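**Q** Listed in order, the protein sequences are those of chains A and B.
When you read off a place in the first sequence, starting at 1, and then add 180, the result is the number in my numbering.
When you read off a place in the second sequence, starting at 1, and then add 180, the result is the number in my numbering.
There are 2 protein chains.
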Amino acid sequence: MQIAIIGSGNIGGGLARAWRRAGHGVTFGARDPNEAELATLCTEIGAKAKSIADSVTGAEVVVLAMPFGALDSVLAATGDLAGIIVIDATNAVTRGTSGMTLEYGHTTSSGEQVQARIPRARVVRSFNAQGAENLANPTYGDVVASNFYCGDDAEAKHAVALLITDVGFEPIDAGPLASARLLEPLMLLWITCSRTVGTRDLGFKLLRR
Amino acid sequence: MQIAIIGSGNIGGGLARAWRRAGHGVTFGARDPNEAELATLCTEIGAKAKSIADSVTGAEVVVLAMPFGALDSVLAATGDLAGIIVIDATNAVTRGTSGMTLEYGHTTSSGEQVQARIPRARVVRSFNAQGAENLANPTYGDVVASNFYCGDDAEAKHAVALLITDVGFEPIDAGPLASARLLEPLMLLWITCSRTVGTRDLGFKLLRR
Numbered sequence: 181m182q183i184a185i186i187g188s189g190n191i192g193g194g195l196a197r198a199w200r201r202a203g204h205g206v207t208f209g210a211r212d213p214n215e216a217e218l219a220t221l222c223t224e225i226g227a228k229a230k231s232i233a234d235s236v237t238g239a240e241v242v243v244l245a246m247p248f249g250a251l252d253s254v255l256a257a258t259g260d261l262a263g264i265i266v267i268d269a270t271n272a273v274t275r276g277t278s279g280m281t282l283e284y285g286h287t288t289s290s291g292e293q294v295q296a297r298i299p300r301a302r303v304v305r306s307f308n309a310q311g312a313e314n315l316a317n318p319t320y321g322d323v324v325a326s327n328f329y330c331g332d333d334a335e336a337k338h339a340v341a342l343l344i345t346d347v348g349f350e351p352i353d354a355g356p357l358a359s360a361r362l363l364e365p366l367m368l369l370w371i372t373c374s375r376t377v378g379t380r381d382l383g384f385k386l387l388r389r
Numbered sequence: 181m182q183i184a185i186i187g188s189g190n191i192g193g194g195l196a197r198a199w200r201r202a203g204h205g206v207t208f209g210a211r212d213p214n215e216a217e218l219a220t221l222c223t224e225i226g227a228k229a230k231s232i233a234d235s236v237t238g239a240e241v242v243v244l245a246m247p248f249g250a251l252d253s254v255l256a257a258t259g260d261l262a263g264i265i266v267i268d269a270t271n272a273v274t275r276g277t278s279g280m281t282l283e284y285g286h287t288t289s290s291g292e293q294v295q296a297r298i299p300r301a302r303v304v305r306s307f308n309a310q311g312a313e314n315l316a317n318p319t320y321g322d323v324v325a326s327n328f329y330c331g332d333d334a335e336a337k338h339a340v341a342l343l344i345t346d347v348g349f350e351p352i353d354a355g356p357l358a359s360a361r362l363l364e365p366l367m368l369l370w371i372t373c374s375r376t377v378g379t380r381d382l383g384f385k386l387l388r389r
């Protein structure tokens, strides 16, 4: 598939590496597409870097992998992404004196907020609920880590499930987009456990018999 | 340990079975301690059944495994449980037209609400975030399911971690009691996945390298 990734940090960069390995085309959307580190990454993995507005032209899938605070400016550049599969991998967290808290409560989620702003896009929430380390290697011994996804468009969800598999995860359907209210706390649980356990080399698995 | 379990449904009954196997003493606290099904269970596993008020006398650990809606009447019977380790396994959920939602938002949790009502007790949140099926068998192939716990009293948490191990789970420290805000959505994620995957034979695992 042709995939535009907005943001080239740990999550965006990790997804790009994995999807290039799987044969997908990747174009980064960046505020500065000529930035040196991004250019090096693009050369290494065979990706392109363009302006945010240009990156989504021809893309079948757009991944939001920039800080959530940049959402307004990013969507101003991309337009409404009508009909496009949009994977929201952002996390709307607020850093306070007692650690991080979620910006949205149990009655909405950042995933739903994104969908409300681009109602004609097909938003799927995924890749938010673990550290970027898992993108490089989602297998723990014999066990493949799970990656949850949710959304309201069945076809978009199916496409995203294949992209999750391409990264090396087991995709787990977590239902409608409103389930983002459950996946966003899961991200904070991952962060909390990375502190109590003392490593970021952690993944979630949904065990089944 | 001497453990009082308030509620003898799937969770309370499952915990009792596991802890009796591990050699702990179990007394159920029940509105009707002479109820036939409960009496049968007590005979089978070697537990006692008493009134809620009497069940907590001499208990080192009290487990709240009744519906959250009964909290007020249960605490009226138990008193303030000063110094006692209280494992809160309830879930404050509201059933609405669009499914279940959490009664508390991201700024509090049912665990914290319980602690606020019995400030001298040592509340630990655990056993809430999966189906009771796991209490009978928390092992999936070679993989032992995780069970998260959180609380503000280090000694109480240590004791609960051992009780989690006695059930057969791997205990995962999820930090302070405020992390109940993360474990309560995890319970809804478990329920959601049990529907999308089509089985309640599901467990969570925190994978580590």
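Glycine included, each C-beta is placed from N, C-alpha and C at the ideal position.
A quick note: this is a predicted structure, and the numbers were derived from the prediction, not measured.
Quick test of the definition: if touching needs 3 or more C-beta pairs under 8 Å, does the stretch 353-366 of chain A touch the stretch 303-315 of chain A?
**A** Yes: the two stretches touch, three or more of their Cβ pairs being nearer than 8 Å.
**Q** Distance, Cα to Cα, Gly383(B) vs Val323(A)?
**A** Cα-Cα distance, rounded: 14 Å.
**Q** Would you mind stating whether Gly291(A) and Asp268(A) have Cβ atoms separated by less than 8 Å?
**A** In contact: Gly291(A) and Asp268(A) (Cβ atoms closer than 8 Å).
**Q** Could you check the C-alpha separation between Arg200(B) and Arg388(A) for me, to the nearest Å?
**A** The straight-line gap from Cα to Cα measures roughly 26 Å.
**Q** For chain B, find out if any of its Cβ atoms is closer than 8 Å to the Cβ of Phe349(A); answer yes or no.
**A** With 8 Å as the cut-off, Phe349(A) does not count as an interface residue toward chain B.
**Q** Measuring only between beta-carbons, confirm whether Lys337(A) sits less than 8 Å from chain B.
**A** Lys337(A) does not count as touching chain B.
**Q** Just the C-alpha distance for Gln182(A) and Thr220(A), rounded to the nearest angstrom, thanks.
**A** Rounded to the nearest angstrom, the two C-alpha atoms are 20 Å apart.
**Q** Going by beta-carbon coordinates alone, are Val254(A) and Val303(A) separated by less than 8 Å?
**A** Not a contact, by the Cβ cut-off of 8 Å.
**Q** Roughly how many whole angstroms lie between the Cα atoms of Ala301(A) and Asp381(A)?
**A** Going from the Cα of Ala301(A) to the Cα of Asp381(A) covers about 33 Å.
**Q** Cα-Cα, which of Gly193(A), Pro213(A), Asn271(A), Val241(A) is closest to Arg361(A)?
**A** Closest by alpha carbon: Asn271(A).
**Q** Span of the alpha helix (DSSP H) holding Arg380(A)?
**A** Where Arg380(A) is concerned, there is no enclosing alpha helix (DSSP H), given that its DSSP letter is neither H nor E.
**Q** When burial is assigned at 16 or more other CB atoms within 10 Å of the CB, is Ser231(A) buried or exposed?
**A** Per the 10 Å Cβ criterion, exposed.
**Q** Under DSSP, the alpha helix (DSSP H) around Arg200(B) begins and ends at which residues?
**A** 190-201 is the extent of the alpha helix (DSSP H) around Arg200(B).
**Q** According to DSSP, is Glu224(B) part of a helix, a strand, or is it coil?
**A** Correct three-state label for Glu224(B): helix.
**Q** Hey, quick one: how far does the beta strand (DSSP E) through Thr207(B) stretch, first residue to last?
**A** Per DSSP, Thr207(B) belongs to the beta strand (DSSP E) from 205-210.
**Q** In whole angstroms, what separates the C-alpha of Phe248(A) from that of Thr274(A)?
**A** Rounded to the nearest angstrom, the two C-alpha atoms are 10 Å apart.
**Q** Spell out the partners DSSP gives Val243(A) in its beta bridges.
**A** According to DSSP, Val243(A) bridges with Ile185(A), Ile267(A).
**Q** Ala336(B): which of Tyr320(B), Gln293(B), Gly263(B), Ala358(B) sits nearest, CA to CA?
**A** Answer by Cα proximity: Gly263(B).
**Q** Using the Cβ count rule (16 or more neighbours within 10 Å means buried), how would you classify Asn390(B)?
**A** This structure cannot settle anything about residue 390(B), because the visible part of chain B is limited to 181 through 389.
**Q** Rounded to the nearest angstrom, how far is the Cβ of Thr258(A) from that of Ala233(A), given a contact under 8 Å?
**A** Indeed they touch by this definition, with Cβ atoms about 7 Å apart.
**Q** Which bits of chain A does Ala391(B) rub up against, with CB to CB less than 9 Å?
**A** One cannot answer for residue 391(B) here, as it falls past the ends of chain B, which runs 181 to 389.
**Q** Within this structure, are the beta carbons of Leu357(B) and Gly331(B) separated by less than 8 Å?
**A** Yes, they are a contact pair.
**Q** Can you pull the DSSP bridge partners for Thr345(B)?
**A** Partner(s): none; Thr345(B) has no beta bridge.
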